[in-house]
Amino acid sequence: MSTADSAMTGTEVAASAHPLRALSAQDLRAHTAHALERARKRSGTLTDAVDDADLVTQHSKLMSPLVWDLAHIGSQEELWLVRDVGGRQPLRPDIDDLYDAFQHARADRPALPLLGPGEARAYVREVRAKAFDVLSQAPLEGGALTDTAFAFGMIAQHEQQHDETMLATHQLRKGDPVLHAPSPPPRRVGAVPAEIVVPGGSFLMGTSVEPWALDNERPAHPVFVDAFAIDTFPVTNGQFAAFADAGGYQQPRWWSEQGWAYRTEHDITAPRFWRREQDAWWRTRFGRYERVPEAEPVVHVSFHEARAYAAWARKRLPTEAEWEKAARYDPHTGRSLRYPWGDGEPTAEHANLGQRHLRPAEVGAYPRGVSPLGVHQLIGDVWEWTSSDFAGYPGFTAFPYREYSEVFFGPGHKVLRGGSFGTDAVAIRGTFRNWDYPVRRQIFAGFRCARDLTPAERG
Ligand SMILES: [Fe+2]
0 MSTADSAMTG TEVAASAHPL RALSAQDLRA HTAHALERAR KRSGTLTDAV DDADLVTQHS
60 KLMSPLVWDL AHIGSQEELW LVRDVGGRQP LRPDIDDLYD AFQHARADRP ALPLLGPGEA
120 RAYVREVRAK AFDVLSQAPL EGGALTDTAF AFGMIAQHEQ QHDETMLATH QLRKGDPVLH
180 APSPPPRRVG AVPAEIVVPG GSFLMGTSVE PWALDNERPA HPVFVDAFAI DTFPVTNGQF
240 AAFADAGGYQ QPRWWSEQGW AYRTEHDITA PRFWRREQDA WWRTRFGRYE RVPEAEPVVH
300 VSFHEARAYA AWARKRLPTE AEWEKAARYD PHTGRSLRYP WGDGEPTAEH ANLGQRHLRP
360 AEVGAYPRGV SPLGVHQLIG DVWEWTSSDF AGYPGFTAFP YREYSEVFFG PGHKVLRGGS
420 FGTDAVAIRG TFRNWDYPVR RQIFAGFRCA RDLTPAERG
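With numbering that gives the first Met the number 0, letter number 25 in the sequence shown gets 24, and the count goes up by one each step, no holes.
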């Protein structure tokens with residue numbers, strides 16, 4: 000690629016310079032084992048926090064009993080690592096069907112003859128021992144599943160994604176708090192502009208070199224994005240409360256037709272878990288009842304609520320390409336970074352990830368996580384709704400199976416970006432794409448706004 004071409008279309012980190020690809024085979028095995036162990040420790044925290052009766056209870060029709068998630072984690076690990084990569088004999092072929100997410104809707108799972116808590120724990124332990132044995136012997140190059148330990152990385156991400164789902168189940172369960180974590184850092188950023196102008200032009204979206212990226216993040220491709228403005232921070236509880244207090248939930252003009260029908264049918268008047276007490280908003284958070292903190296990003300809002308707020312604020316939601324350009328594009332080099340802060344893995348100084356805290360941090364809490372353009376907290380805290388439908392990139396190839404993402408492409412699912420306080424670092428990147436129904440509110444989703452530039456701003 001010539002210099003002129005690279006300036007026009009952008010580049011991403013050189014494959015040889017990628018931190019994972021630079022590791023020796025021994026260090027890659029250790030790194031991978033650590034990612035798997037971290038996921039398992041968290042699964043343990045989430046399932047050991049409640050008793051056996053609670054583990055088999057369905058706390059909401061939207062969620063599986065926690066014991067289903069646990070055994071499903073083991074079942075997927077057995078399929079991909081023990082059987083496919085390892086070529087080993089099945090441990091429990093008789094339960095494959097029970098833990099196939101496509102066979103049974105969440106609402107139907109409690110009625111299945113599931114493994115009990117003790118059996119599920121023993122099963123995931125047995126699978127893990129075999130998976131580690133496979134990891135110690137598999138060549139981590141060559142085949143698409145084994146190259147740079149892809150399948151192991153995919154399974155670590157899968158477990159962490161279910162851990163985030165289990166965390167959402169914890170938020171839905173009634174009763175006293177059982178999860179504990181320190182408070183996130185306070186605001187540490189001084190005065191900054193409320194919006195950042197992102198210059199027009201092409202940037203490289205998606206990735207062709209990220210070893211553990213999933214099929215829907217690939218391949219890297221140039222995308223032209225017109226100049227626009229994006230909020231420096233996610234929309235806060237205080238800002239969202241102003242919308243609710245101004246009658247935003249009662250005025251159809253701010254809502255799409257579909258959104259208004261949904262709001263009306265379910266009589267939604269505030270973010271999920273919020274309650275009005277005299278002149279203040281309160282919320283329930285993992286069993287705690289507390290005043291809604293004004294400076295934190297709003298969470299537990301649907302796409303429809305996010306869109307209505309944006310219309311009320313005379314703005315709009317960013318497209319997925321706009322979000323990614325604001326997060327990754329470095330105007331000094333034209334390169335798309337792995338994360339807003341650069342190519343290095345997330346640390347506690349960069350972003351609120353990994354259930355380190357049980358809440359989003361105040362806006363301005365992560366000065367070291369800022370993007371080259373000056374946009375804050377794109378990674379961590381809350382998933383951010385975008386206006387885009389979930390679709391394959393040009394040149395998309397389903398891998399390793401269609402059901403990972405291709406079957407979800409279409410107008411029924413909206414893309415969310417950036418991860419939440421409940422997302423582990425292994426399962427988030429500048430290119431990572433999440434998707435969900437526009438009505439979903441139990442997920443840890445918020446948003447930020449964007450807008451077109453005025454003619455005067457365009458110059
Ligand atoms: Fe799954």
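Just so it is clear, CB atoms sit at the ideal spot from N, CA and C, and this is done for glycine as well.
State the DSSP-derived secondary structure class of I442, mapped to helix, strand or coil.
-> coil
Own chain, CB closer than 8 Å to A3, minus 5 neighbours either side, in chain order | Confidence at A3 is low in this model, with a pLDDT of 38, below 50, so its placement is unreliable and the value that follows should be read with caution. The beta carbon of A3 sits closer than 8 Å to none of the beta carbons in its chain outside the five residues before and after it.
State the DSSP-derived secondary structure class of D266, mapped to helix, strand or coil.
-> D266: coil per DSSP, three-state reduction.
Nonlocal neighbours in the same chain, by C-beta distance under 7 Å from R290, ignoring five residues either side = A279 and W281
Counting by C-beta, which residues lie closer than 6 Å to a heavy atom of ligand 3, in chain order?
-> In terms of ligand content, the structure shown lacks ligand 3 and carries ligand 1 instead.
Just how far apart, CA to CA, sit V369 and N351?
-> Note on geometry: alpha-carbon atoms of V369 and N351 lie some 13 Å from one another.
Could you give the distance in angstroms between the alpha-carbon of V478 and the alpha-carbon of P359?
-> For the chain, the structure presents residues 0 to 458; residue 478 sits outside this window and is missing.
When DSSP labels each residue in this structure, what does T235 get in the three-state scheme?
-> strand
With 16 other Cβ atoms within 10 Å as the buried cut-off, status of V406 = exposed
Nearest-angstrom Cα distance between E456 and L415?
-> Between E456 and L415, the C-alpha separation is close to 28 Å.
Just checking, does the segment 51 to 67 make contact with the segment 236 to 245 on the three C-beta pairs under 8 Å criterion?
-> no
Are V484 and L90 close, meaning C-beta to C-beta below 8 Å?
-> No answer is possible for residue 484: it lies beyond the span of the chain, which begins at 0 and ends at 458.
Taking G286 and V177 to be in contact with their CB atoms under 8 Å, please state how far apart those CB atoms are, rounded to whole angstroms.
-> 7 Å
Closest by C-alpha distance to P345, when choosing among Q75, Q376, D230 and F302 = Q376
When DSSP labels each residue in this structure, what does M7 get in the three-state scheme?
-> Legend: pLDDT at M7 = 47, less than 50; position of this residue unreliable, value from coordinates given subsequently. Three-state result, M7: helix.
Does the Cβ-Cβ distance between S201 and P221 come in under 8 Å?
-> In contact: S201 and P221 (Cβ atoms closer than 8 Å).
What number of angstroms, rounded off, separates the C-alpha of G85 from the C-alpha of E209?
-> 23 Å
Burial state of R313, where buried means 16 or more other Cβ atoms lie within 10 Å = Exposed, by the Cβ-count rule.
Got a sec? Which residues, its chain only, sit under 7 Å from Y261 by beta carbon, not counting five neighbours each side?
-> H303 and V438
K413: buried (16+ other C-beta within 10 angstroms of its C-beta) or exposed?
-> buried
Taking R337 as the reference, give the member of Y308, P371, H157 and R275 with the closest Cα.
-> P371
Can the beta-carbon of L35 be found less than 8 Å from the beta-carbon of A150?
-> no
C-beta contact flag for F227 and E321 at 8 Å | yes
To the nearest angstrom, how far is it from the Cα of P399 to the Cα of E216?
-> 13 Å
Put A14 into one of helix, strand or coil per three-state DSSP.
-> helix
Within this structure, are the beta carbons of R327 and G429 separated by less than 8 Å?
-> In terms of Cβ geometry, R327 and G429 form a close pair [threshold 8 Å].
Can you tell me whether DSSP reads M153 as helix, strand or coil?
-> Residue state, collapsed to three classes: helix.
Which class does F383 belong to by DSSP, given the choice of helix, strand or coil?
-> The sequence shown places Glu at residue 383, not Phe. Note: E383 maps to strand in three-state DSSP.
Beta-bridge partners of Y338, as assigned by DSSP | G341
So, is S1 buried or exposed, given that buried needs 16 or more other C-beta atoms within 10 angstroms?
-> In this predicted model, S1 has a pLDDT of only 36, less than 50, meaning its place in the structure is not dependable enough to derive any value.
Local conformation of E209 per DSSP, three classes | coil
What is the C-beta distance between L213 and S404, in whole angstroms, given that I count them as a contact (C-beta under 8 Å)?
-> 7 Å
Quick one: what does DSSP say K413 is sitting in, helix, strand or coil?
-> strand
Using only alpha-carbon positions, find the residue among D107, R367 and R41 that is nearest to H157.
-> Closest by C-alpha distance to H157, out of D107, R367 and R41, is R41.
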